[in-house]
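Chains as they are written, first to last, in the working numbering: chain B, 8 to 325; chain P, 421 to 556. The next block holds one structure in the form of structure tokens; read it before the comments.
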Amino acid sequence: MRWSTILALMGFLMLAGAAAPQFALAATPPASSVISPFHWWAWPLALFLVTFLIGIVAVLAGVGGGVLFVPIVSGLFPFHLDFVRGAGLLLALAGAISAGPGLLMSGMASLRLAMPFALIGSVFSMVGALVSFAVPADVMQALLGITITLIVLLMWRAGRPESSGRGAGDRIAAALGLAGVYFDPAAGRDVDWRAQHTLAGFAAFAIIGLVGGMFGLGAGWANVPALHLLLGVPLKGAVATSNIVMSIVNTSAAWIYIERGAVLPMIVTPSVIGVMLGAKIGARLLHRLHAAALRRIVIVVLLLAGSRALLKGFGIWN
Amino acid sequence: MSATEDSALPEQRIYARWLAAGSRSSFALLVVVFIVYLTGVVPPLVPVAELPNYWGLSAGQYAIATGTPTGWRWLELAGRSDVMNLAGIACVALVTPVCFARLVPEFVRQRENMFAAIALMELWILVLAASGFAAG
Numbered sequence: 008m009r010w011s012t013i014l015a016l017m018g019f020l021m022l023a024g025a026a027a028p029q030f031a032l033a034a035t036p037p038a039s040s041v042i043s044p045f046h047w048w049a050w051p052l053a054l055f056l057v058t059f060l061i062g063i064v065a066v067l068a069g070v071g072g073g074v075l076f077v078p079i080v081s082g083l084f085p086f087h088l089d090f091v092r093g094a095g096l097l098l099a100l101a102g103a104i105s106a107g108p109g110l111l112m113s114g115m116a117s118l119r120l121a122m123p124f125a126l127i128g129s130v131f132s133m134v135g136a137l138v139s140f141a142v143p144a145d146v147m148q149a150l151l152g153i154t155i156t157l158i159v160l161l162m163w164r165a166g167r168p169e170s171s172g173r174g175a176g177d178r179i180a181a182a183l184g185l186a187g188v189y190f191d192p193a194a195g196r197d198v199d200w201r202a203q204h205t206l207a208g209f210a211a212f213a214i215i216g217l218v219g220g221m222f223g224l225g226a227g228w229a230n231v232p233a234l235h236l237l238l239g240v241p242l243k244g245a246v247a248t249s250n251i252v253m254s255i256v257n258t259s260a261a262w263i264y265i266e267r268g269a270v271l272p273m274i275v276t277p278s279v280i281g282v283m284l285g286a287k288i289g290a291r292l293l294h295r296l297h298a299a300a301l302r303r304i305v306i307v308v309l310l311l312a313g314s315r316a317l318l319k320g321f322g323i324w325n
Numbered sequence: 421m422s423a424t425e426d427s428a429l430p431e432q433r434i435y436a437r438w439l440a441a442g443s444r445s446s447f448a449l450l451v452v453v454f455i456v457y458l459t460g461v462v463p464p465l466v467p468v469a470e471l472p473n474y475w476g477l478s479a480g481q482y483a484i485a486t487g488t489p490t491g492w493r494w495l496e497l498a499g500r501s502d503v504m505n506l507a508g509i510a511c512v513a514l515v516t517p518v519c520f521a522r523l524v525p526e527f528v529r530q531r532e533n534m535f536a537a538i539a540l541m542e543l544w545i546l547v548l549a550a551s552g553f554a555a556g
């Protein structure tokens, strides 16, 4: 059976499970009850639908699911930011490890290019995750708003015409052998690449790891510009390698979230399934829709979600 | 060098195969334990109908309010369906460390000492994160 079928069945089961009698039994509400006009299952179900849409849009707009998930879900759903960040990180990780094998086998992603930068990113991602649990929730909300606004600026800039795509190389890149060639089936030719500005690349991946670990944003939004614009890797190679870097970097932060109990299965699993199903639909729609226009919509949505996080952080709109 | 024939390096193909096997099996486990959770076959630690009372709390407050163990102590309650789901999620997060554990001997065999060292350091970081020592 195909994975998409299994995932679709899971979505159906969620709908069916929502009506299961054992869940309708109202247990004694604890003292800290939050009054909600909805049944408990309405939230995971809505989460599944929202993440399904996020999965479609993320593929079409060429951004990671995590960067859309965290600001949108933390703004619209009643879940604490800790659990939203944990789920964002895990859905980005799940997407990255499922896409990884194909990208590696095709040779479009380079494991050797990913490894040194992922090592730096992993350390800082772990540090970012640890720091995030020491910062008050309202400060985290405000920082998330600022970060999302900065990401929007980065996306806006990265959307401009791409660089030449072949780096000039440097001594560290030469010592590590950070060069290669892959076959681009769309262009019907080999594309060779050589990394450049390696030291600056290490600094960039340290910052990306730190921010990704703190906010559970994944890192596709920044990995691709760093690999392409800074390190000089051609765009398709950068996108593919970004995925491998993300799968490694997110793993170290994910363990911190698991250790701290910031992973709620009722939030994580519907989100992972929703995004993965949506991504499959998005991949099919990729050739039919105008991706550039959609990217502009995503930028507007992110700006709104970032503003909401800022207002929430400052206690203006809770 | 032409990429059209076979551009993936040997260690990259090994890593890809392990990643594929790991991601498939961990997703399968994730789906199975979530079905168990949804169907209510195995009782959860926190009844699902009560979740809305707790998911607005911070992770630390949630653990205290529900008695959910943090760190690796959740293994003690792995018989509860919600805690069992953490095992599925942990398996997703175990895929990369396992792949790196396979990568180290491959780089050593190729006498690629620099990459063997990078792979070993990455494995150490991931094990440190997973062990709970880093989280304190």
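The C-beta atom is built at its ideal place from N, Cα and C for all residues, glycine as well.
Short CB-CB distance (under 9 Å) between residue i and chain P
i	result
residue 55 of chain B	no
residue 36 of chain B	Low confidence applies here, because residue 36 of chain B scores a pLDDT of 41, under 50, leaving its location unreliable; read the following figure in that light. Chain P contact via Cβ: present.
residue 241 of chain B	no
residue 133 of chain B	yes
residue 228 of chain B	no
residue 221 of chain B	no
residue 90 of chain B	yes
residue 181 of chain B	no
residue 93 of chain B	yes
residue 41 of chain B	Its pLDDT being 48, under 50, residue 41 of chain B is placed unreliably by the model, and nothing is read from it.
residue 101 of chain B	yes
residue 63 of chain B	no
residue 80 of chain B	no
residue 24 of chain B	At residue 24 of chain B, the pLDDT of 47 sits below 50, so the modelled position is not reliable; the number obtained from the coordinates is stated separately. Yes, contact with chain P.
Whole-number beta carbon distance between residue j and residue i, since they are thought to touch under 8 Å
i	j	result
residue 456 of chain P	residue 97 of chain B	At roughly 19 Å, the Cβ-Cβ gap does not stay under 8 Å, so residue 456 of chain P and residue 97 of chain B are not in contact.
residue 101 of chain B	residue 274 of chain B	Not confirmed; about 13 Å, so no contact.
residue 499 of chain P	residue 453 of chain P	About 12 Å separates the two Cβ atoms, so there is no contact after all.
residue 90 of chain B	residue 479 of chain P	7 Å
residue 543 of chain P	residue 521 of chain P	6 Å
residue 208 of chain B	residue 260 of chain B	Between residue 260 of chain B and residue 208 of chain B the Cβ distance is about 20 Å, and since that is not below 8 Å, they are no contact.
residue 547 of chain P	residue 443 of chain P	Contact flag wrong, Cβ pair sits at about 20 Å.
residue 254 of chain B	residue 107 of chain B	5 Å
residue 111 of chain B	residue 251 of chain B	7 Å
residue 432 of chain P	residue 120 of chain B	About 10 Å; that fails the 8 Å criterion.
residue 64 of chain B	residue 75 of chain B	7 Å
residue 129 of chain B	residue 216 of chain B	7 Å
residue 475 of chain P	residue 271 of chain B	6 Å
Chain-ordered neighbours of residue i on chain B, where CB pairs are closer than 8 Å
i	result
residue 445 of chain P	Correct list: empty, because the minimum Cβ distance to chain B is about 11 Å.
residue 468 of chain P	30, 47, 48, 273
residue 439 of chain P	104, 107, 108, 111, 254
residue 491 of chain P	266
Amino acids of chain P, ordered along the chain, whose beta-carbon sits closer than 8 Å to that of residue i
i	result
residue 85 of chain B	472, 475, 476
residue 123 of chain B	538
residue 126 of chain B	538, 541, 542, 545
residue 97 of chain B	509, 512, 513
Chain B residues whose Cβ lies nearer than 7 Å to that of residue i
i	result
residue 540 of chain P	The contacting residues do not exist; residue 540 of chain P stays about 10 Å from chain B at best.
residue 521 of chain P	Residues of chain B passing the Cβ test: none, with the nearest at roughly 13 Å.
residue 552 of chain P	266
residue 510 of chain P	265
residue 549 of chain P	133, 259, 262, 263
Proximity test, Cβ basis, 9 Å: residue i and chain B
i	result
residue 496 of chain P	no
residue 429 of chain P	yes
residue 487 of chain P	no
residue 517 of chain P	yes
residue 442 of chain P	yes
residue 513 of chain P	yes
residue 421 of chain P	A caution first: residue 421 of chain P carries a pLDDT of 46, below 50, which makes its placement in the model too unreliable to give a value.
residue 424 of chain P	Here residue 424 of chain P scores only 49 on pLDDT, less than 50, and its place in the model should not be relied on; the value that follows carries that caveat. So, interface residue.
Closer than 9 Å at the beta carbon, the chain B residues around residue i
i	result
residue 557 of chain P	Chain P is shown only over 421 to 556; residue 557 of chain P falls outside these bounds and no answer can be derived.
Proximal residues of chain P, C-beta to C-beta of residue i below 7 Å
i	result
residue 276 of chain B	450, 454, 505
residue 270 of chain B	506, 509
residue 130 of chain B	545
Contacts of residue i in chain P (Cβ-Cβ under 9 Å)
i	result
residue 144 of chain B	478
Any non-hydrogen atom of the ligand COA closer than 8 Å to residue i Cβ
i	result
residue 146 of chain B	The ligand content of the structure shown is nil, which means the ligand COA is not present either.
Check your understanding: Counting only runs that start and end within the region 121–208 of chain B, where is the beta strand (DSSP E) found for 3 or more residues in a row?
Key -> Listed in chain order, the complete beta strand (DSSP E) runs (minimum 3 residues) inside the region 121–208 of chain B are 186–191, 196–201.
Review point. Residue ranges of each alpha helix (DSSP H) run of no fewer than 4 residues wholly in the region 448–508 of chain P, ordered along the chain?
Key: Qualifying alpha helix (DSSP H) stretches, in chain order: 479–486.
Check your understanding: Using Cβ-Cβ distances below 7 Å, what residues of the region 233–258 of chain B are close to chain P?
Key -> Hits within the stretch, in order: 254, 255, 258.
Exercise for review: Report the residue ranges of all beta strand (DSSP E) runs contained in full by the region 281–322 of chain B; include only those spanning at least 3 residues, in chain order.
Suggested key: Entirely contained in the region 281–322 of chain B, not one beta strand (DSSP E) run reaches 3 residues.
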